[in-house]
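The structure under discussion appears below in the form of structure tokens.
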Amino acid sequence: MSSIKKKFLLTLAFAAALNIFLLGIFFWLQVFYISPYATELLETQQYIDNIDQDVQNYKRVVAPRLDAERKYIEEVRSLFYQDDPLDLIVYFQDAMKRNSLVEQSIAPPSGQGEKLVVIGVSGDYADIVHFLREIESGKFLLSINSLSLASRTATIQFALQSP
0 MSSIKKKFLL TLAFAAALNI FLLGIFFWLQ VFYISPYATE LLETQQYIDN
50 IDQDVQNYKR VVAPRLDAER KYIEEVRSLF YQDDPLDLIV YFQDAMKRNS
100 LVEQSIAPPS GQGEKLVVIG VSGDYADIVH FLREIESGKF LLSINSLSLA
150 SRTATIQFAL QSP
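Oh and the sequence shown: position 159 is 158 in numbering that gives the first Met the number 0, straight run, nothing missing.
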């Protein structure tokens, strides 16, 4: 063989070996790096698509209903005592006046634990019952803890419901 042929074959063998080496590196990178990250990227893209679909469903279904119910939600929220003792006392005093009752005492809610209000009133039994009905269906959500009736007087202990 001539030296040119030998050099050519040697160069060809070196090029083939280099090609095989580079292909090996490519396949190694493909198996250990590219494929796992491509799979993770695809899963992330599917997750983002699902979130986007959830957002679209929310905008289409929930958001319009939430806007429609916002007023109702605020009405329900207003049933709960909002830490305004003056408003509460005025409310009870007005109810007492409408029912011809005389206020004996009103102890506003304490800021500790369960918010309790103790009211003492005097008047006719029927007026006391009407007063209880009025505040039961009034603007605050109340729970009567105790009621004691004596001759023309009543002492009522309420628990105010907080949101």
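Each residue gets a CB set at the ideal place from its N, CA and C atoms; glycine is no exception.
Paired residues, beta bridge with residue i - DSSP
{"i": "Ile155", "result": "Ile118, Leu146"}
{"i": "Glu102", "result": "Val120"}
Per-residue DSSP class, three states only, for residue i
{"i": "Leu141", "result": "strand"}
{"i": "Ser34", "result": "helix"}
{"i": "Ser2", "result": "helix"}
Beta-carbon separation (whole angstroms), residue i vs residue j, contact threshold 8 Å
{"i": "Phe130", "j": "Ala94", "result": "6 Å"}
{"i": "Leu87", "j": "Phe139", "result": "7 Å"}
Proximity winner among the options, relative to residue i (alpha-carbon distances)
{"i": "Thr154", "options": "Glu135, Ile105, Ala125", "result": "Ile105"}
{"i": "Val101", "options": "Ser147, Asp123, Tyr90", "result": "Asp123"}
{"i": "Gln92", "options": "Ala67, Ile134, Asn49", "result": "Ile134"}
{"i": "Gly119", "options": "Arg132, Arg151, Lys4", "result": "Arg151"}
{"i": "Ser145", "options": "Ser136, Val117, Gly137", "result": "Val117"}
Chain-order list of residues whose beta-carbon lies under 8 Å from that of residue i (same chain, five-residue window excluded)
{"i": "Ser99", "result": "Gly122, Asp123, Asp126"}
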